[in-house]
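A.B. asks:
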Amino acid sequence: MSGEKKLRIALIGCGNITSEHLAAFKEVPDAEIVAGCDIASKALALFRERTGLPETAVWTDWKKMLAEVKLDAVDICLPNHLHCAAALDAFAAGLHVFVEKPMALNAAECETMIAAAKQAGKKLAVGFQQEYNPATQLLVNARNNGFFGDLRYAHGLLLRRRGIPDYGVFHRRDCGGGPLMDIAVHLIDVMTYVMDRPEVERVSAVLFYGEGKNPCKVWCGFPNWNTREYDVEDLAAAQIKFRNGAVLQLTTSYVNHIHQDCVYEFDLTGSRGGAHWSPGGVPELFCDQFGAMMNLAPGWMPSQGRPEMFRRKLANFVDACRKGTVLCLPGEAGLYDQQILDAIFASAKAGREVVL
Ligand SMILES: NC(=O)c1ccc[n+]([C@@H]2O[C@H](COP(=O)([O-])OP(=O)(O)OC[C@H]3O[C@@H](n4cnc5c(N)ncnc54)[C@H](O)[C@@H]3O)[C@@H](O)[C@H]2O)c1
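Using the working numbering, you'd call the opening residue of the sequence shown number 80 and step up by one each time.
Right, dumping it as structure tokens:
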């Protein structure tokens, strides 16, 4: 395509996360949202209100939209179990694909999507965003400068006290819901990114079920989740051992008895230095220097807010499609994360460690 033309993009799935995508695309001059698809009329009405697009620009069947509308790319914001099907249809139509996280239901679906992208000669990007957080970049810079020495151990938490989504299908395992697929996947992604995505050797995990089946009896932000259909884990604890010797432990929950409403953070430690990370906070680095145990923190940080991370992640995709620049999060990154998730589920089901 010509260097001057904007990338013509359609949204597939116009639910909750759409507002952040549309706001971000407004700040990406080379992108133009030209159509949207959703099975819910309310979602389509909101999409039209936000974009100012006419009724002819909204669709309830993505196959029809792909056949009728002149597009360069799609942005898939569907429930997780539909990511793969929509991506394969988009590649068959000769389009680039941005797909929200998690990439798909399992590694086999991710591999099919990567193969389809290659066959179509199109880009496939996955929608994580903490790579675009300056706090994350600081840790990557520290790693690249040898600050940590040999990375030994990472410990991450993404815990909600009572945070089962009361919309969508995040409460259903067959739709790719649950805290592991929905939220811990962010943690796996950002922690392994900072650790340089080492090769996984073995995984062990335990999942706990049942609390979310009980109606909510306490005050909380989202008390009205679907207890009848709820069949995902309440809480999961996992340990991942990498071939380079490092170990990553993580715990995640939708329902759990903890002090705060939500905890989202990780710690990382190596032979020479360590670090603490949280998505909205100032990162801290720890080392021995000048005869003291030093705590280091940046004196100034650029914006870490979601609008900026979303703008950066979508701009990275648009640039890759238009100018052939490198994708920060290609399908292979989504596959790596998904392989860890698959191993976590396999270990919990088998009741023992699984070796990859
Ligand atoms: N990156 C992030 O931080 C972040 C945050 C929230 C959600 N997400 C991801 O975004 C995706 C969507 O999440 P959400 O919160 O917007 O969920 P949602 O339930 O609000 O939106 C999903 C939309 O898809 C529509 N849909 C369902 N089946 C469809 C079909 N066959 N054809 C067309 N439309 C269909 C639904 O009507 C709904 O409007 C998920 O993959 C989720 O994990 C990412």
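Ideal Cβ placement from N, Cα and C applies to all residues, glycine included.
Predicted model, so just to flag it, every value in this text is computed and none were measured.
(1) Taking the straight line between their C-alpha atoms, what separation do you get for C254 and G378?
(2) Measuring only the C-alpha atoms, how far is P181 from G324?
(3) Less than 8 Å between the CB atoms is what I'm expecting for D229 and S350, so what's the real figure, rounded?
(4) So does L420 have its beta carbon nearer than 8 Å to some heavy atom of ligand 1?
(5) Bridge partners for N374 per DSSP, in chain order?
(6) Taking contact to mean at least 3 C-beta pairs separated by less than 8 Å, is the stretch 176-194 in contact with the stretch 120-129?
(7) Let me make sure I understand the geometry here. Which of E280, P258, R241 and V326 has the alpha-carbon closest to that of C295?
(8) Could you give the first and the last residue of the continuous beta strand (DSSP E) run that contains K320?
(9) Measure the alpha-carbon distance for P409 versus Y415 and round it to whole angstroms.
(10) By alpha-carbon positions, which one of G173, V273 and F207 ends up nearest to P362?
(11) Only counting the same chain, and skipping five residues up and downstream in sequence, which positions put a Cβ closer than 6 Å to that of M80?
(12) Just how far apart, CA to CA, sit Q418 and L327?
(13) Relative to the C-alpha of L286, which residue among V148, R87, A422 and A102 is closest?
(14) Using the rule of at least 16 other Cβ atoms within 10 Å of the residue's Cβ for burial, across every protein chain shown, is W135 buried or exposed?
(15) If I measure Cβ to Cβ from G413 and keep anything under 6 Å in the same chain, skipping five residues before and after, which residues do I get?
C.D. replies: In short:
(1) Locating residue 254 in the sequence shown gives position 175, where the first residue counts as 1. Locating residue 378 in the sequence shown gives position 299, where the first residue counts as 1. Roughly 44 Å between the two C-alpha positions.
(2) In the sequence shown, residue 181 corresponds to position 102, counting from 1. In the sequence shown, residue 324 corresponds to position 245, counting from 1. P181 and G324: Cα-Cα distance of roughly 26 Å.
(3) Here residue 229 corresponds to residue number 150 of the sequence shown, with the count starting at 1. Here residue 350 corresponds to residue number 271 of the sequence shown, with the count starting at 1. That belief holds up - the Cβ atoms of D229 and S350 are roughly 5 Å apart, short of 8 Å.
(4) Taking the sequence shown and counting its residues from 1, the one referred to as residue 420 is at position 341. Checking the Cβ of L420 against ligand 1 gives no.
(5) Here residue 374 refers to the residue found at position 295 of the sequence shown. Note: N374 sits in a beta bridge opposite F365.
(6) no
(7) Sequence index remark: in the sequence shown, residue 295 carries index 216 (1-based). C295 has its Cα closest to that of R241, out of E280, P258, R241 and V326.
(8) As a position in the sequence shown, residue 320 is number 241, starting the count at 1. It spans L314 to F321 - the beta strand (DSSP E) in which K320 sits, taken as one unbroken run.
(9) In the sequence shown, the residue the question calls residue 409 occupies position 330. In the sequence shown, the residue the question calls residue 415 occupies position 336. When rounded, the distance between both Cα atoms is 10 Å.
(10) As a working note, residue 362 is residue 283 in the sequence shown. It is V273.
(11) Taking the sequence shown and counting its residues from 1, one reaches residue 80 at position 1. Residue placement at M80 is poorly supported in this model, since its pLDDT is 46, which falls under 50; the coordinates still yield a value, given next. Closer than 6 Å at the Cβ level, and outside the excluded window around M80, lies no residue.
(12) Taking the sequence shown and counting its residues from 1, the one referred to as residue 418 is at position 339. Taking the sequence shown and counting its residues from 1, the one referred to as residue 327 is at position 248. So the two alpha carbons sit approximately 15 Å from each other.
(13) Counted from its first residue, the sequence shown places residue 286 at position 207. Closest by alpha carbon: A422.
(14) As a working note, residue 135 is residue 56 in the sequence shown. Looking at the sequence provided, one finds Thr at residue 135 rather than Trp. Exposed, since its Cβ has fewer than 16 Cβ neighbours within 10 Å.
(15) If you number the sequence shown from 1, residue 413 lands on position 334. Within the same chain, G413 has close Cβ partners M182, C189 and V205.
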